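Enquirer:
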Amino acid sequence: MKKSFLGVVLSLGLLSAAHADVYKFDNTHTNAVFNIDHFQTSTNHGGFYAISGELKYQPEKQDAEMRVTIPVSALNTGVDAFDNHIRSSDILDAEKYPEMVFKSTKWHFEDNKPVSIDGLLTMKGVTKPVTLTTTKFGCYMSPIFKAQVCGGDFVTQIDRTQWGGGRLSGRYGDDESCRYKNSGRSG
Numbered sequence: 005m006k007k008s009f010l011g012v013v014l015s016l017g018l019l020s021a022a023h024a025d026v027y028k029f030d031n032t033h034t035n036a037v038f039n040i041d042h043f044q045t046s047t048n049h050g051g052f053y054a055i056s057g058e059l060k061y062q063p064e065k066q067d068a069e070m071r072v073t074i075p076v077s078a079l080n081t082g083v084d085a086f087d088n089h090i091r092s093s094d095i096l097d098a099e100k101y102p103e104m105v106f107k108s109t110k111w112h113f114e115d116n117k118p119v120s121i122d123g124l125l126t127m128k129g130v131t132k133p134v135t136l137t138t139t140k141f142g143c144y145m146s147p148i149f150k151a152q153v154c155g156g157d158f159v160t161q162i163d164r165t166q167w168g169g170g171r172l173s174g175r176y177g178d179d180e181s182c183r184y185k186n187s188g189r190s191g
């Protein structure tokens, strides 16, 4: 089974730990960067930008909800022709499926820190369960925002073909490595 690696990096501004606030992601600090195999000869790189999302976080109750929307049009590999190819029906079919969405369903905590996030990833109109595993998570008081800020790194393994790999599935990089980064504050 072909596997993909999806990593997530979260930087979330939290102004209050006493109750759940909604934190809108700052799309100027949010991206999902990927590496994709190129016919087993090299690795191509790119990312999705202008990502939006929100987080509801209650660390004292060990509860959180997150929704992330990734516009396929925000793809940038640095090569226009490659961007157009990935957006085409050969791979992501952006015209028919203009966005990808991750929605958390359950957060798991140990020692008051998230250790994993269960959720649903919708890509190309197909929704499948995905679990993000926390590799790093921490909070600090931001001297810039004068607010509590938390951030973390999350990873998962997915088989991109489960979401319909397109015409080149099985020949063109079903394996991909991705990192997701976002930043946001409440208000």
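Residues 5 to 191 (our numbering) are what the sequence shown spells out, left to right. All C-beta atoms, glycine included, are put in the ideal place defined by N, C-alpha and C. Note that the coordinates shown come from a computational prediction; the quantities given were computed from them, not determined experimentally.
Below 8 Å between beta carbons: does that hold for L96 and V76?
Expert: yes
Enquirer: Using three-state DSSP, classify F29 as helix, strand or coil.
Expert: strand
Enquirer: Counting only the same chain and skipping the five closest in sequence on each side, list residues whose C-beta sits under 6 Å from that of T131.
Expert: Answer for T131: L124, listed in chain order.
Enquirer: Excluding the five sequence neighbours on either side, which residues of its own chain have a C-beta within less than 7 Å of the C-beta of S110, listed in chain order?
Expert: For clarity, residue 110 is Lys in the given sequence; the question names Ser instead. If we look at K110 and ignore the five residues flanking it on each side, its Cβ neighbours are D122.
Enquirer: On a CA-only basis, which of D115, G168, H33 and T165 is nearest I55? Give me that one, please.
Expert: H33
Enquirer: Taking the C-alpha atoms as reference points, what is the distance between L79 and F158?
Expert: 21 Å
Enquirer: Starting from R71, follow its DSSP beta bridges and name the residues at the other end.
Expert: E58 and K107
Enquirer: Compare the Cα-Cα distances from I74 to each of R164, F149 and F106 and report the closest residue.
Expert: F106
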